[in-house]
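K.L.:
Just so we're aligned: the sequence shown equals residues 24 to 243 in our numbering. The structure under discussion is supplied below as structure tokens; questions concerning it will follow.
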Amino acid sequence: MKSIVFDLDGTLADTSRDMLKAANLCFEEMGHSEVLSEEKHRGTALHGGRAMLTKGLSILNEPDQANIISEYYPKFLKYYKENLYEKTVFYEGAIFCVENMIQKGWNVGICTNKPESLANLLLTKMSAKGYFKSVVGADTLSVRKPNPEPFFETVKQLNGTLSLSCMIGDSVTDYKTAKAAGVPIILVDFPPNDTEINLLKPDAIIKHFNELIPTVESIF
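Listed below in structure tokens is the structure:
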């Protein structure tokens, strides 16, 4: 039985706008307004809270970035939890594709660098939690992607086998995770992704979820 392991942010759902709002609330607390914009920084948002704080502090020419990020990352998580799904949407065809995978008898799980509690909360609020038998987050284990252990844990929770597993993602982190795990990697090319995924040479690239099932079936 195939085990399909999805990344969440930028792969299944565009979470960038709500994440940007949380980051900008941090900058407002520092005394700066709208440091990051949807027009320029949605791609950065998909790399996570620390990436957005780093980007904003660089824009502000702040030299003491490490200490500020340590102070404000917990605040980012608080703000993000409060604004978790105001503008977040699943990519077109994502849930229909997952439903079809389940109908085929495939195992479907999520391996994300979002904290597990936030990932589960988001999926619940968007009425999608029941589709995924496993959700492994950044804090589920003592390590996170690109270490392969979270991927292995996801497959284990799915009662799957590694030889029939693959990773679906959107980033260098997902690519490295799959390579370290020794499994195929399919990357999605959805906006606002700012990663030059063609240079990574994954097993496949898709531009719409209607391409995913045939692509998986062509790999194994």
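Idealized CB from N, CA, C, for every residue including glycine. Values in this document were obtained by computation on a predicted structure and should not be read as measured data.
Below 8 Å between beta carbons: does that hold for VAL131 and VAL121?
P.N.:
Contact flag set, yes.
K.L.:
Roughly how many whole angstroms lie between the Cα atoms of GLY33 and LYS137?
P.N.:
In a straight line, the C-alpha of GLY33 is about 12 Å away from that of LYS137.
K.L.:
From the DSSP output, read off the bridge partner residues of ASP162.
P.N.:
ASP162 pairs with nothing; no bridge assigned.
K.L.:
Out of curiosity, what's the CA-to-CA distance linking ILE228 and ALA151?
P.N.:
Computed Cα separation, rounded: 24 Å.
K.L.:
Would you identify the three-state DSSP class for SER81, choosing helix, strand or coil?
P.N.:
Helix, per DSSP.
K.L.:
LYS63: buried (16+ other C-beta within 10 angstroms of its C-beta) or exposed?
P.N.:
Per the 10 Å Cβ criterion, exposed.
K.L.:
Give the straight-line distance between the Cα atoms of CYS49 and LEU83, rounded to the nearest whole angstrom.
P.N.:
Computed Cα separation, rounded: 13 Å.
K.L.:
Whose C-alpha, out of GLY205, LYS224, LEU35 and ILE242, is nearest the C-alpha of ILE118?
P.N.:
Comparing Cα-Cα distances from ILE118 to each of GLY205, LYS224, LEU35 and ILE242, the minimum goes to LEU35.
K.L.:
Would you mind stating whether MET24 and GLY72 have Cβ atoms separated by less than 8 Å?
P.N.:
Result no, Cβ atoms of MET24 and GLY72 do not sit closer than 8 Å.
K.L.:
According to the neighbour-count rule (16 or more other Cβ atoms, all chains shown, within 10 Å of its Cβ), is GLY160 buried or exposed?
P.N.:
GLY160 should be labelled buried.
K.L.:
Taking the alpha carbon of ILE92 as the point to measure from, which residue in GLY66, MET53 and GLU57 has its own alpha carbon closest?
P.N.:
Cα-wise, what sits closest to ILE92 is MET53.
K.L.:
From the DSSP output, read off the bridge partner residues of SER150.
P.N.:
Paired residue(s): none; SER150 is not in a bridge.
K.L.:
For PHE50, which of helix, strand or coil comes out of DSSP?
P.N.:
Note: PHE50 maps to helix in three-state DSSP.
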